[in-house]
Each structure stands twice: as structure tokens, then as C-alpha cells.
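From first to last, the protein sequence lines are chains A and B. Residue numbering for the first sequence follows this note's numbering, beginning at 7 and increasing consecutively. Residue numbering for the second sequence follows this note's numbering, beginning at 2 and increasing consecutively. By construction, the Cβ of each residue, glycine as well, lies at the ideal position given by its N, Cα and C atoms. Since the structure is predicted, the reported quantities are computational estimates derived from the model, not experimental observations. Everything on this sheet refers to the single structure shown next.
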Amino acid sequence: SQQGEEDPQALSIQEGENATMNCSYKTSINNLQWYRQNSGRGLVHLILIRSNEREKHSGRLRVTLDTSKKSSSLLITASRAADTASYFCATDKSGTALIFGKGTTLSVSS
Amino acid sequence: NAGVTQTPKFQVLKTGQSMTLQCAQDMNHNSMYWYRQDPGMGLRLIYYSASEGTTDKGEVPNGYNVSRLNKREFSLRLESAAPSQTSVYFCASSARRDTPLHFGNGTRLTVT
Chain A
7 SQQGEEDPQA LSIQEGENAT MNCSYKTSIN NLQWYRQNSG RGLVHLILIR
57 SNEREKHSGR LRVTLDTSKK SSSLLITASR AADTASYFCA TDKSGTALIF
107 GKGTTLSVSS
Chain B
2 NAGVTQTPKF QVLKTGQSMT LQCAQDMNHN SMYWYRQDPG MGLRLIYYSA
52 SEGTTDKGEV PNGYNVSRLN KREFSLRLES AAPSQTSVYF CASSARRDTP
102 LHFGNGTRLT VT
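Right, here's the structure in full:
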């Protein structure tokens, strides 16, 4: 069974708008990671947030983590056409490897 | 730097045939992983190797075997391919089990 579930499944926005994706998970975690996948390629790591952190920034990316609600969000500000991709959250818990959600497909049109 | 290299990139098998997917990393990482990706299912973990000499089952290990040949290489074997194993297979590595993963570009496998 998959640990993380992203919402929405698909998101379409215009260039310059912000994109927000959410991830919910079921059990306690050590950290939560977000990855991007461009069509036909492998996944690329974006950001890791540990269970004792609440917010993290990297360039135009902002990730929040609410362990009480078992949820995380990824905000991409001022989206560009090049941000078009699928985005996955992945949870790390003791005793196993990263478990990925099903992803959110983001389409940014110019 | 090459990072994580997977071979082959594409493969077509008939039901019942066997094959081995190869993966090698040049980042001196301790941990390596095999995932499969199917439409609408995201990535599912098949097997992983937390360190050289160890392997563990993931979410969907049935029908697969793995070998951690050395620190660099982690292979995935399908002994008797089935159409349900049609998928894109990704190999990944990480410095430690709890650090970010680096992915290869995948092997697209079709079983007819």
C-alpha cells in the first residue's frame, strides 16, 4: 500500500501563477521528500523536510509539513512553462525505503 | 558525471522469457533501489539494498530477484516474465537510506 497520496491528481495553471500540491500520509515518518519527473525521464529530488521541521524553502519552492495532520504541501511560486512535470511526494519511515505517492501532474501554459 | 546508469533503455520480452536489468552508480552511494512505475500507480518499490551485502523486499517483490553485485551495481532479474510486469523500471541510489535518491532514466519493458 502507498504511504503518500498527492492532491490534486492534475493541475493546470497559467505562467506566473502559483501552484500548490498537497500530500497526505498514514503513519509516522522520519522525513518527507518531493521529487519532479519530466516526461520520459527519471525523478529528480527537489527538497527534503525532516519530521521536526515545519517549513523549508528552495528558490521558488516552499514546502510545509504538518505532522499532526500527517500532511505536506509544495508551493511553486511564479510558475514557468518549464515547471510542467509530475510531482511526487515520498515518505521515509524507519525500516524501509522511500515510499512514493501517485503524483500530481502540473501543466503550466504560456 | 554519469550518476545512475540503467541498461537496456528498452526491452521487449515474450511471456516466460527471462532477463536481467542492470544498474550502476558512480557516486559511491551505499543504498540502491528498484522501483516500477505504471500509469496511475506512481512508483512502487520492488527491492532495495541498504548497504553492500544486504537486500530487502519492497511493496511488490513477487516475480523478481535482485543481486547487489558490489557497491556500484544492483541488478534486477525477471525469471519468467509475465504481461503484468510490463512497466517502466527505475533504479536509484542514495548515500544512506534516509538521504535523497538519485534516479536513472529508466528501462521500458514490454512483455507480450
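Worksheet entry | Same chain only: Cβ atoms within 8 Å of N36/A, ignoring 5 sequence neighbours per side | Excluding residues within five positions, the ones whose Cβ falls inside 8 Å are R56, S57, D98, K99, S100.
Worksheet item: Is any beta-carbon of chain D found at less than 9 Å from that of E80/B?
Response: Although the question refers to chain D, the structure presented lacks it and instead comprises the protein chains A and B.
Discussion item. Assuming the contact rule is C-beta atoms closer than 8 Å, Q23/B and G4/B should be a hit. Round their C-beta distance to whole Å, please.
Written reply: The C-beta separation of Q23/B from G4/B comes to about 15 Å, leaving the pair out of contact by the 8 Å criterion.
Item to complete: Determine which residues share a DSSP beta bridge with E11/A and list them.
Response: Paired residue(s): S30/A.
Practice prompt. Give me the Cα-Cα distance between L14/B and Y36/B, rounded to the nearest whole angstrom.
Written response: Each residue's alpha carbon lies about 19 Å from the other.
Worksheet entry | Neighbouring residues, chain A, relative to F104/B (Cβ below 9 Å) | Here the neighbours are Y41, Q43, R47, G48, L49, V50, H51.
Discussion item. Distance check for G17/B and K76/A, CA to CA, integer angstroms please.
Written reply: In this structure, the alpha-carbon of K76/A lies about 43 Å from that of G17/B.
Discussion item. Against chain A, does L77/B count as a neighbour if the rule is that its beta carbon must be under 9 Å from one of theirs?
Written reply: At least 9 Å separates the CB of L77/B from every CB of chain A.
Discussion item. Just checking: is the beta-carbon of T100/B within a distance shorter than 9 Å of some beta-carbon in chain A?
Written reply: Cβ-Cβ to chain A under 9 Å: yes for T100/B.
Worksheet item: Does any CB atom of chain A fall closer than 9 Å to the CB of A93/B?
Response: Proximity of A93/B to chain A, defined by a Cβ-Cβ separation below 9 Å, is satisfied.
Practice prompt. Decide if F11/B is buried, meaning its Cβ has at least 16 other Cβ atoms within 10 Å, or exposed.
Written response: Exposed, because fewer than 16 other Cβ atoms sit within 10 Å of the Cβ of F11/B.
Worksheet item: Mapping DSSP to helix, strand and coil, what is D39/B?
Response: D39/B falls in the strand class under three-state DSSP.
Worksheet entry | T6/B versus P40/B: straight-line alpha-carbon distance, rounded | Whole-angstrom Cα-Cα distance: 23 Å.
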